Structure formats: C-alpha cells, structure tokens
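Participant: Okay, handing you the structure first.
Residue numbers (our numbering): 7 to 276.
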C-alpha cells in the first residue's frame, strides 16, 4: 500500500489534565508569522499601523467566524453534541469563515483608525497567505481535512488512533488535501510577491489574492470529503464562487476609470 504514513499523536503533550495539541501550536505559529510579516509590510508601505492591536481584533473575529461557519456546515453533529462547539483545540475552523470574520474586523478597524482600507488590505495579504500555509500543517497532523481513498504514491495514511480522520479511513491511503492547498497557496504567495513590485493601485493585491485563493479552493475541494451543502457542492465551494465573482467585478470596476481615461482623445490646445 503506497503512501506517506502519518503516525503523529495530535496531542503534543499533557500537563496534568491539560492537553496541548499540535493543532493549537501550528495555529499559534501561523498567527505569529502573519503578524510579523504584516509588521514588515506596513513598514515597507509606510503605513502607520498598530499591528498588535489589529492582530488581536482580527484573530478574535476570524476565530469566531471560522468556528461559526464550521458549526453551520456540520450542524447535525453539533446539534446532537452542543458541548463540542467550544472544543477548538481539536480542529474545526472553516477558513472562509475566518477570512470573512477577519475582513469585517479589518473594515471596522480601518474606519475607527481612519486608515486607507484598500492599502491596509494589500498590506495584510502576504502575512495571511503564509498563515494559511502554516495553518494547513495543523490539518495534516490532525487528519481532519482529507480526501477520498486513492492509490497515488503521495497519499496520506493515518495510523494513529488519536487522529481526527474518519474512523473508516484510518489506515487507508487518502487524498492529501491540506498538501494540495499548501502548494496552491505557495503559488499564490509567489504571484503576490511578484505583483507587489509593480506600480499597482491599492486593492489590486487583495483582489488578486481573493480570486486566486477562491479558484483554487473551488477546484481542490472536489477531492475533499465534506458534507454537500446545495447543488452537489460543498459550503466552501459555494462561497468560493461568490468570492470569485466579487473579486472579478471589483477588479473590473477598479480598472474602469483608467480605461475610460485612456480611451478619451487628448485635448487639442490652440
């Protein structure tokens, strides 16, 4: 049976009755990395930004949104076991919910601090992508976001009974969905780093990230095992389609004044 065997206990260590899971460790590393990169980007773009305060607000709102979307997507499970809603250390954070919740927090923060919203969103993009990549390492250890059974040589085989993989998939080679998304986000990061050298108007980096991530999420989720939401699509795929439409429409509207100006004939001076 071909594949990459993952026999990692999701619990990093225990102190008394307190468990520290790898999931929580990687999420914390993702937050720290995102904050550090955002600090560097704000400095590079000459944006006077209190990164620590912004990070606190965005993380809290993002966690709330991520958990809310996950609970809604798996409502039958949480309706039967409502006490599990608060077990964040075991996984169960929907990235789209985190991005939307965090986005609302960024909007509120920008308005209160009178910061240029589009410039702020561009500053946040590189750190967010790195955070997403590190965050998927948490999913690899947990085993809670995998695809179906496959015979691909790079399949993941979870053998630790403590993993969060579905019981019927324990010991079987499955599609390594988190790995696919990490690679896609790596390409997205390379694209953003290339674009940020260009003289683009504020907001273009953010819209590029949203469109690129949404396209990858829509396509890659076809290999992932999750509940169907509507029209045979998963919740994340439907949100991805909405975000693709949003990014494309906003980008077109943002470039429209430039195109109009270029299409107008030059004024003839006598």
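Here a beta-carbon is modelled for each residue, glycine too, at the ideal position from N, C-alpha and C. What you are looking at is a predicted structure, and each value in this text was computed from that prediction instead of being measured.
According to DSSP, simplified to helix, strand and coil, what is residue 182?
Facilitator: In the chain shown, the residue the question calls residue 182 occupies position 176. In this structure, residue 182 counts as coil in the three-state DSSP scheme.
Participant: Since residue 164 sits in a beta bridge, which residues does DSSP pair it with?
Facilitator: Position 158 of the chain shown, counted from the start, is the residue given in the question as residue 164. Residue 164 is bridged to 12.
Participant: What residue does the alpha helix (DSSP H) around residue 39 start on, and which one ends it?
Facilitator: In the chain shown, counting from the first residue as 1, residue 39 sits at position 33. Note, residue 39: alpha helix (DSSP H), 28-50.
Participant: Which one of 126, 29 and 107 has the shortest CA to CA distance from residue 116?
Facilitator: Along the chain shown, one-based indexing puts residue 116 at 110. Measuring from the Cα of residue 116, the nearest candidate turns out to be 126.
Participant: Does the Cβ-Cβ distance between residue 183 and residue 156 come in under 8 Å?
Facilitator: Locating residue 183 in the chain shown gives position 177, where the first residue counts as 1. Locating residue 156 in the chain shown gives position 150, where the first residue counts as 1. Going by C-beta atoms, residue 183 is not nearer than 8 Å to residue 156.
Participant: Would you say the region 100-112 touches the region 9-25, given that touching needs at least three Cβ pairs under 8 Å?
Facilitator: Touching, no.
Participant: So, helix, strand or coil for residue 241, using DSSP?
Facilitator: Numbered from 1 along the chain shown, position 235 holds the residue referred to as residue 241. Helix.
Participant: What is the residue span of the alpha helix (DSSP H) that residue 210 lies within?
Facilitator: As a first step, residue 210 must be located in the chain shown, where it is residue number 204. Per DSSP, residue 210 belongs to the alpha helix (DSSP H) from 210-226.
Participant: To which residues of the same chain is residue 273 closer than 6 Å at the C-beta, ignoring the five residues directly before and after it?
Facilitator: Position 267 of the chain shown, counting from 1, holds the residue named residue 273. Because the pLDDT at residue 273 is just 46, under 50, the model does not fix this residue reliably, and the value given afterwards should be weighed accordingly. Closer than 6 Å at the Cβ level, and outside the excluded window around residue 273, lies no residue.
Participant: List the whole-angstrom C-beta distance separating residue 129 from residue 214, where the pair is believed to meet the contact cut-off of C-beta under 8 Å.
Facilitator: If you number the chain shown from 1, residue 129 lands on position 123. If you number the chain shown from 1, residue 214 lands on position 208. Going by Cβ atoms, the distance from residue 129 to residue 214 rounds to 14 Å, so no, they are not a contact pair.
Participant: Considering only the alpha carbon of each residue, which of 192, 205 and 147 lies closest to residue 30?
Facilitator: Reading the chain shown from its first residue, position 24 is the one you call residue 30. Nearest C-alpha to residue 30: 147.
Participant: Taking DSSP's pairing of strands, which residues face residue 236 in a bridge?
Facilitator: One-based indexing of the chain shown puts residue 236 at position 230. In DSSP, residue 236 forms a bridge with 239.
Participant: Quick one, are the C-beta atoms of residue 133 and residue 64 less than 8 Å apart?
Facilitator: Against the chain shown, residue 133 aligns to sequence position 127. Against the chain shown, residue 64 aligns to sequence position 58. No. Outside cutoff.
Participant: With respect to the beta strand (DSSP E) encompassing residue 18, which residues constitute its N-terminal and C-terminal limits?
Facilitator: In the chain shown, residue 18 corresponds to position 12, counting from 1. Where residue 18 is concerned, the enclosing beta strand (DSSP E) stretches over 17-21.
Participant: Determine the contact status of residue 136 and residue 212, defining contact as a CB-CB distance below 8 Å.
Facilitator: Stepping through the chain shown from its first residue, residue 136 is reached at position 130. Stepping through the chain shown from its first residue, residue 212 is reached at position 206. Going by C-beta atoms, residue 136 is not nearer than 8 Å to residue 212.
Participant: Take the Cβ of residue 32 as the centre, count every other Cβ of all protein chains shown within 10 Å, and call the residue buried at 16 or more, exposed below.
Facilitator: Residue 32 sits at position 26 when you count from the first residue of the chain shown. When all chains shown are included, residue 32 counts as buried.
Participant: Which value, in whole angstroms, describes the spacing of the CA atoms of residue 264 and residue 224?
Facilitator: As a working note, residue 264 is residue 258 in the chain shown. As a working note, residue 224 is residue 218 in the chain shown. Because the pLDDT at residue 264 is just 48, under 50, the model does not fix this residue reliably, and the point stays unresolved.
Participant: Within the same chain, show all residues whose beta-carbon is closer than 8 Å to that of residue 237, passing over the 5 residues directly before and after it, in chain order.
Facilitator: By 1-based counting over the chain shown, the position of residue 237 is 231. Answer for residue 237: 244, listed in chain order.
Participant: Mind checking who residue 25 pairs with in its DSSP beta bridge?
Facilitator: On the chain shown, position 19 is the one that residue 25 refers to. Its beta-bridge partners are 20.
Participant: When DSSP labels each residue in this structure, what does residue 177 get in the three-state scheme?
Facilitator: Here residue 177 refers to the residue found at position 171 when the chain shown is read from its first residue. Three-state DSSP puts residue 177 in coil, outside helix and strand.
Participant: Where residue 77 and residue 70 are concerned, what is the direct C-alpha to C-alpha distance, given to the nearest angstrom?
Facilitator: Looking up residue 77 in the chain shown gives position 71. Looking up residue 70 in the chain shown gives position 64. The alpha-carbon atoms of residue 77 and residue 70 are separated by roughly 11 Å.
Participant: For residue 270, count neighbouring Cβ atoms within 10 angstroms of its own Cβ and tell me buried if that reaches 16, exposed if not.
Facilitator: As a first step, residue 270 is located in the chain shown; it is residue number 264 there, counting from the start. Its pLDDT being 48, under 50, residue 270 is placed unreliably by the model, and the measurement read from it follows with that caveat. Counting Cβ neighbours within 10 Å, residue 270 comes out exposed, since fewer than 16 surround it.
Participant: Taking the alpha helix (DSSP H) that residue 59 falls in, what are its first and last residues?
Facilitator: The sequence position of residue 59 within the chain shown is 53, counting from 1. Segment 57-79, the alpha helix (DSSP H) holding residue 59.
Participant: DSSP has residue 153 in a bridge; who is on the other side?
Facilitator: As a first step, residue 153 is located in the chain shown; it is residue number 147 there, counting from the start. DSSP lists 230 as partners of residue 153.
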